[in-house]
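Count along the sequence shown from 1, add 1, and you get the number used in our numbering. Every residue, glycine too, gets a C-beta built ideally from N, C-alpha and C. As the structure is a prediction and not an experimental result, all values here were calculated from the model. Each remark here refers to the structure printed beneath this line.
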Amino acid sequence: GCLSIHFKFRQNQGVPPGFQRPDGRCGNVTLKDIVPGMHPALWYRALCDPDGRTPCCYDNVCVNKPKEKCTCRNCYDQRRMIHAEYATWHAENPECQPLDLSVQQMCKVLDNSTLYFIGDSFVRHVYLSFLLAARSNDPTGAYMPNTPP
Numbered sequence: 002g003c004l005s006i007h008f009k010f011r012q013n014q015g016v017p018p019g020f021q022r023p024d025g026r027c028g029n030v031t032l033k034d035i036v037p038g039m040h041p042a043l044w045y046r047a048l049c050d051p052d053g054r055t056p057c058c059y060d061n062v063c064v065n066k067p068k069e070k071c072t073c074r075n076c077y078d079q080r081r082m083i084h085a086e087y088a089t090w091h092a093e094n095p096e097c098q099p100l101d102l103s104v105q106q107m108c109k110v111l112d113n114s115t116l117y118f119i120g121d122s123f124v125r126h127v128y129l130s131f132l133l134a135a136r137s138n139d140p141t142g143a144y145m146p147n148t149p150p
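The following block contains the structure:
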């Protein structure tokens, strides 16, 4: 099934099948010394298995804490998923908070500008998000009304 395809892809690319270290360390440590053959560019942060016995990363150690108790500033808990579509991002520095511009304000800022979006699928998502904001999230979203599926 789908799970085995993901496992094979990870295996072929030298990506670990899971992100929890056998020694239970997590947070500001990677998997680079734990997973043999892992490509040096693929240094993943060690996380705790959300379905395992120790799902909460607390003080850089995977521990058995309920979701409600795994909420400190340096706690990492994948059981508390935040969906970007329903969340508001807040910059750590309030001066860096993105502006929430109206379509008219956005057009005024971008007047006589040329934007280039170059990159991969992530940049495609950034581009689509830009179009949604620039077109005021109308019913057709980022696409023209006659765009085929």
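Residue i versus residue j: straight-line alpha-carbon distance, rounded
{"i": "Tyr-45", "j": "Ala-88", "result": "24 angstroms"}
{"i": "Phe-118", "j": "Asn-61", "result": "38 angstroms"}
{"i": "Phe-20", "j": "Thr-55", "result": "13 angstroms"}
{"i": "Cys-76", "j": "Met-145", "result": "43 angstroms"}
{"i": "Asp-52", "j": "Leu-116", "result": "43 angstroms"}
{"i": "Arg-26", "j": "Arg-80", "result": "18 angstroms"}
{"i": "Gly-28", "j": "Leu-48", "result": "6 angstroms"}
{"i": "Cys-108", "j": "Val-30", "result": "44 angstroms"}
{"i": "Val-104", "j": "Leu-129", "result": "15 angstroms"}
{"i": "Ser-137", "j": "Cys-58", "result": "40 angstroms"}
{"i": "Leu-133", "j": "Val-127", "result": "10 angstroms"}
{"i": "Val-110", "j": "His-84", "result": "29 angstroms"}
{"i": "Asn-13", "j": "Pro-95", "result": "42 angstroms"}
Reduced DSSP secondary structure (H/G/I, E/B, other) of residue i
{"i": "Arg-46", "result": "strand"}
{"i": "Val-110", "result": "helix"}
{"i": "Tyr-77", "result": "strand"}
{"i": "Tyr-144", "result": "coil"}
Paired residues, beta bridge with residue i - DSSP
{"i": "Thr-31", "result": "Arg-46"}
{"i": "Tyr-128", "result": "Bridge partners of Tyr-128: none, in fact."}
{"i": "Val-64", "result": "Cys-57"}
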